[in-house]
Structures are given as structure tokens and as C-alpha cells.
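Some notes on the structure that comes next.
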Amino acid sequence: MMSEPTKEDIEEFEQTTKQRVASEAFLIDVNGFEGPLDILLTLARTQKVDLRKISVLELAEQYLKFVEEAKKLRIELAADYLVMAAWLAFLKSRLLLPPDPTEEGPSAEELAAHLAFQLERLEAMRRSAAKLMARDQLGRDFFVRGIPETVSHNRKITYTATILDLMQAYAHIKTKDNFEPLHMRERDHLYTMEQALERMRTLIGHAINWGDLNQFLPDGCRDDPKFRRSATASTFAAALELVKEGKMEIRQDENFAPIEIKTKAPE
Amino acid sequence: MSTEQSDTLFQAPPMGEQERMIEAILFASAQPVSKKTITDRLPHGCDVSEAIAHLRKRYEGRGVKLVKVGDGWAFRTAPDLGFLMQKERYETRKLSRAAIETLAIIAYHQPTTRAEIEAIRGVSVSSGTIDLLLELEWIKLGRRRMTPGRPVTFIVTQVFLDHFGLESERDLPGVKELRDSGLLDNRPAPGGALGDTSQEDDDDLENTDQDDMFE
Amino acid sequence: MSTEQSDTLFQAPPMGEQERMIEAILFASAQPVSKKTITDRLPHGCDVSEAIAHLRKRYEGRGVKLVKVGDGWAFRTAPDLGFLMQKERYETRKLSRAAIETLAIIAYHQPTTRAEIEAIRGVSVSSGTIDLLLELEWIKLGRRRMTPGRPVTFIVTQVFLDHFGLESERDLPGVKELRDSGLLDNRPAPGGALGDTSQEDDDDLENTDQDDMFE
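Protein chains in written order, with the numbering used here: chain C, 928 to 1194; chain R, 7 to 221; chain Y, 7 to 221.
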């Protein structure tokens, strides 16, 4: 049969509950910690001393106790927390034992000093980060020009071309189609008016009677229609020229009838 | 001057402070700020008109000035310093093929008309091309042709001769020399096939790719 | 004071005019403008440093101030007037504790490697954290460490300095005290205990970089 809980029992219960809640709160918050170093720094703060004067031995004990608590409460700690626990257990034993002169590597004091340095450094960075974020910030406390004027870029273009460019361009045109507007092309199949005039002048003296203009066409007309056309036109034009000069007469009986010419008798 | 309002609940900041506040607001705002908006943003009891007048005076003759834009106020660069907001960039460009061919024809055949240039090139010549060459002062107008329509002729200028290092137009290498130097060989011109119709668009200004090269 | 150079081809504008010009240039830009850029844009022969000194003095106690940001200069509103600027305020992304600490470590230890950041914080640094800081343009890549693996380093940027109103890395709060107390030293763990990953990149060789940064 159970006896009524005494006042002391109740107080004791409440006390342990408080402790448990406190420790659990601490542990449940493990997720909020950023790794073993973070927890070590939090634990170190409970020593309420300058981190330079921290007792690493005491800190190691605090941490190991924390890991024990976590095990009791069946909280699964990540591997790095357990690695740290193992390392601190090793450090603790080294710190408690007299130094072994035969042992190689850094002394327990050196290891402890480095751990203290790491904690101090992390603490310093956290303080600095807080100071940084507490500064006046752009866009929150001070501001940039709201109407920035953009620099306009003016282009000044210089065109270049060399004499070679010029010559190549001209050469390109010249080779393109051999078009030579200022020099008459050699035209094999054409008969110019100058040619016709020259021929007519030599022949006109013989044309005492009316004769067909076609008789005065140059040789080779029969085979080449294009040349014949050209020669006919030129000869006709030359004939008109000679009529104009008063050296010749010209007549045509009706449309499309043969055109006849004869030398004009001197008056 | 503002009348002192002894009955306001909160004392308005001193005039100098009001000025600072308006200065900061106008500096940081993305738009000109109206007097009403300034009044709304400033502590109660400020004399915005007077503060603006002071501030405007303070910026007189400075590199920026306080100006009224519509019904708002804004800082603007002093107009005489506008040149600082411009950056001049010098670019060298090659003349387009159309331009250089036109120029060559004018040089070799001057005085020559636009119709002749077109006959020689086999494509029409854009006004842009002629304008560019005129602008560069490499060509100028010659005497009009005494033929129907009295077309204008183009001739090359002293600037042209200077640019190409020629004493006179007669120094231009002749067709025979071109042929001898191999320039008249019947080989395709660089950058285009013969009778390439793309030549019809004589753009001188189109070489945006090239622009990038010079930036 | 600048020495008058009577032999310069073009007379530099008077100092007051130089001041105005710089005032206009800096007012027009939202970003800090480097001394070199100012010099390039001003007429030949200007004494930019002196003109800036005058200008800075002129704006002392005003609603906007002339501040030095890294190697540039900029006008910014006076921080005590921030309360007037609700309209201009923009919400900066709330940074995680990890991001803030990582940023501080980079700022105070730069150039620093990811391994060093991890050694200081005692936890690994997520890529997201570094990416976020890079995206904010508060950090950028520095030179690679000349150690095995040639790890990249991180350094803070002008945007970072501008954001936190710092003239240079030397003005980080408490940086001198931290240096003097040896807390910014790169002190490797004795015997490589505690899984100190910074051991991987042999930090002994690189300290010259850091000296450059702060001395």
C-alpha cells in the first residue's frame, strides 16, 4: 500500500522534474545547436569566466555529462557529438595524469589550449557578426541616389579605307562584268555610222544613177543578220548625213519600198 | 519666414534639420517628390516651403541643383555639367563595300553621275552611301552634266586625296596597273559572289557586330 | 595642396569647379565611382583627391554624405535619417545564423577557404550558404591558395562594404583588437586533433595574402 506523498516527496519530485525539464530542454534543443563546438561554447559560458581562463577539464566534464544525459534520455546524438565526447574523455584523462615524457605528439595542455582558442575564436566571430549586422545597412538605414543618371555613350565614328581597299573595290567592279562605260567595247558585230560615212564617201562618186541603198552595205552582211541590221541603220544614217551636206539625193517611192540614192550632180 | 506655432504639441525640428531631411528624401526618392508628400513624411509642424527655399539656395551654383519637376522637387545635374554624363567613344569603322565601290567609281570616272555609278555597279546606289561620302568630305558635287536632265556629277575632294595619300587623281593606279598588280584578276571579290544582290542594300551603318569589336 | 603645374598644356579648372564636377558625377551614380573613373571623366590636370576632400567636408552634417567605399566614392543619405525612408526601404532577405557567421568569418579572415570556415564554426558549411552570399554579391572568389588541392578562397566585395557602410576591410568593427589578441591568426590544431579539416590545406604558406589585406 502506498503512503501519501509527503511534502518533501512532492518537493523532491518537483525539483527533479524541473531538472529534467531543464536538461531535456537543453537536449531537445540539440537540433538548434550547430555542432559540438557550439555546445561546448554554450557550456563554457555557464562557467561565467573569461574564455581565456576557462577550465578545459571542467568543460570536458560538463560535455561528458551532457552526453550521458542524452544517452539516459535515449536521444540519438549525431556521430560528431560522440567523436567529440571520446576526444574530450581522452583529453580529460591526459589532463588528470602526470605527463608521460615518452609520449609523442602534443601535450594535453597544448590540446586544451587549442580547444580554448577555438572557443574564443568562435565566440569572437559571433560577436563580430552581431556587430556587423548591427551596423547601419544600405537600404535600411541609409540609401542610394533614387534617380541615378546614366552616362550616355556618344559614338564618334571614324571611317577608314586604304588606297588598297579603293583599288580592290574598283578591281572588283571591273572584273564583275567588264562593263566599261567610258571606253566603247569592242563590238565585233556592229557597224558604226562613222564607218558607214567613210565607206559612202568613197563610193558616192560612182553612184550617178539611182541605186538601192543596200548595194552600199559593207561585205559580210549576208551571213550575219545582226551585223546587217546595224550596217543598214548606219548606212542609212550616213546617207542622210550626206544628203544634208548636199552631196547626195535620196528617195523612196512608198512605205517599205527600197530606198534609192544617187550622187547629186554639181550645179 | 514661418510663424512660430507655440501651440503645436510637438516641437518641429530646427530649420537646418528640416533642410537635411528634405535633402535626404529628395536624394533617395526614385521620383520627384511633391511638397505634399514631403510634408507628410516630415515630422509635424515643419515648414516645407521655407526649407526647400533654403535648400535650393544652398545648391545654387553647385554641381547638382534642386529643381521643380511638375509639382515635385528633385535633384538634377547642373545643366552646364551635362557633358560629364556623356562618354565619348571613338570608333573606327571600315567603309562598307557599297561605299568603297561608289567612291572608287567616282575617283576613277569623275566627274560622274549617279546613273553612271549605278550602271557600273549594276545596282542602285542608296542615298545613304552618297550622303556618307559627302559627309566624310571625300566627294563633292561637280558641275552639272550638259545632258538631258542636267544631272549632278560627283568628284573627289582634297580631303579624299589627303586621306589616301594621293597628290592628284592622276596618281590613282590605272586599270593596266591594277591588272599588272593582279588586282584585276578575275577572282571572286572577298565577301561576296559576283552580282551578289545583297549589295543592293548599301547600308553603311549596319555593322553592329563590328561595333562590339570596338567597345 | 596640389602644386600648380604651370607647364601643363591645358589649365585644369579651378578647384571649386572640380568639386562641382565630382559632385555631379557622384550624385548621378547609385554605385560608388572609383577615383580612376572620376579622373578619366574630369578634364586633364584635376586633383581628384583634393577636390573629394573638399567635397566631403562640404557635406559633413548634411542630409546626404560623401562616403568612401573600397576604392570608390558615393553619396549616401545620412544614417540618422533612415526613419524618413520607409518608402525607399527594401526588405533584405533574413539571413540564417550560419550565413551571418560565415559572412563574418570571410570578412575577418579573408581570403579564407571553406575548410577554414568549417574549422572556425566547427560544422560543415552548406553550399546554399555560400551560394546565397555569392548571390548577394557580398562575397566573391579570391585567389586560389597555393597549397595542396589549390582550394578557392573567398573575399568580401565592394557591395558588402557599401551595404555595411565600411570604407574598407580595415574598418570592420573590432578588427584591430581581434588581430592584436591573435584571434585572427591561422592557428592549426596541434597534432591535427578534433577533426580539424583546415589541416588539409596547410595554412602556413598563405599568410602573406592576409597581410596584404590588412596592412
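Ideal Cβ placement from N, Cα and C applies to all residues, glycine included.
- Within chain Y, no C-beta atom comes nearer than 9 Å to that of GLU183/R; the closest sits roughly 45 Å away.
- In the structure shown, TRP1137/C falls within a coil segment according to DSSP collapsed to helix, strand and coil.
- With the rule of 3 Cβ pairs closer than 8 Å, the segment 173-180 of chain Y counts as touching the segment 1058-1078 of chain C.
- Collapsing the DSSP output to three states places ARG150/Y in coil.
- Judged by beta-carbon spacing, LEU172/R lies beyond the 8 Å limit of ALA30/Y, meaning their Cβ atoms are not closer than that value.
- In terms of Cβ geometry, LEU1130/C and THR1162/C do not form a close pair [threshold 8 Å].
- For ARG176/R, no alpha helix (DSSP H) encloses it, and the DSSP letter there is neither H nor E.
- Inclusion of ILE145/Y and VAL129/Y in the CB contact set at 8 Å is not warranted, their separation being larger than that value.
- Contact with chain Y is found for MET27/R, since one of that chain's Cβ atoms lies less than 8 Å from the residue's Cβ.
- By the neighbour-count criterion, in which 16 or more other beta carbons inside 10 Å mark a residue as buried, VAL165/R falls on the exposed side.
- DSSP places TRP79/Y within a strand segment (E or B) once states are collapsed to three.
- Rounded to the nearest whole angstrom, the CA to CA distance from LYS42/Y to VAL54/Y is 9 Å.
- The residue among PRO49/R, HIS50/R and VAL73/R with its C-alpha nearest the C-alpha of HIS60/R is VAL73/R.
- Within 10 angstroms of the beta-carbon of VAL70/R lie 16 or more other beta-carbons, which makes it buried.
- For HIS50/Y, the three-state secondary structure derived from DSSP is coil.
- As a beta-bridge residue in DSSP terms, SER1079/C pairs with GLN92/R.
- Rounded to whole angstroms, the separation of the alpha carbons of PRO157/R and ARG149/R is 9 Å.
- In the three-state reduction of the DSSP assignment, LEU1117/C falls in the coil class, being assigned neither a helical nor a strand state.
- Taking C-alpha positions only, LEU1000/C is separated from LYS975/C by approximately 27 Å.
- Judged by DSSP in its simplified three-state form, LEU189/Y adopts coil rather than helix or strand.
- Close CB contacts of GLU1168/C within its chain, under the 7 Å cut and outside five residues either way in sequence, are with LEU1124 (chain order).
- Beta bridge pairing from DSSP links GLN1179/C with ILE1186/C.
- With respect to PRO196/Y, PRO1033/C sits close: the two C-beta atoms are nearer than 8 Å.
- In this structure, LEU139/Y lies near ALA105/Y, with their beta-carbon atoms less than 8 Å apart.
- DSSP places VAL1010/C in the uninterrupted alpha helix (DSSP H) bounded by 1006-1023.
- DSSP, reduced to helix, strand and coil, places GLU97/R within a strand of the structure shown.
- Listed by position along chain R, the residues whose Cβ is nearer than 9 Å to that of LEU1065/C form an empty set, because the closest Cβ is around 11 Å away.
- Within its own chain, the residues whose Cβ lies closer than 7 Å to the Cβ of PHE33/R, once the five positions on either side in sequence are excluded, are PHE81, listed in chain order.
- As the crow flies, the alpha-carbon of PHE1017/C is around 11 Å from that of GLU988/C.
- The Cβ-Cβ distance between THR119/R and ILE111/R does not fall below 8 Å.
- Separation of ALA971/C and ALA1012/C (C-alpha to C-alpha, rounded to the nearest whole angstrom) is 15 Å.
- Taking 8 Å as the upper bound for CB-CB distance, ALA1043/C and ILE966/C are not in contact here, some 15 Å apart.
- At a cut-off of 8 Å between C-beta atoms, PRO179/Y counts as an interface residue with respect to chain C.
- Chain R places no beta carbon closer than 8 Å to that of ASP1068/C, leaving this residue out of the contacts.
- Here TRP79/Y is near VAL39/Y, since their CB atoms are less than 8 Å apart.
- The beta carbon of ARG47/R is closer than 7 Å to those of ILE31 in its chain, skipping five residues each way along the sequence.
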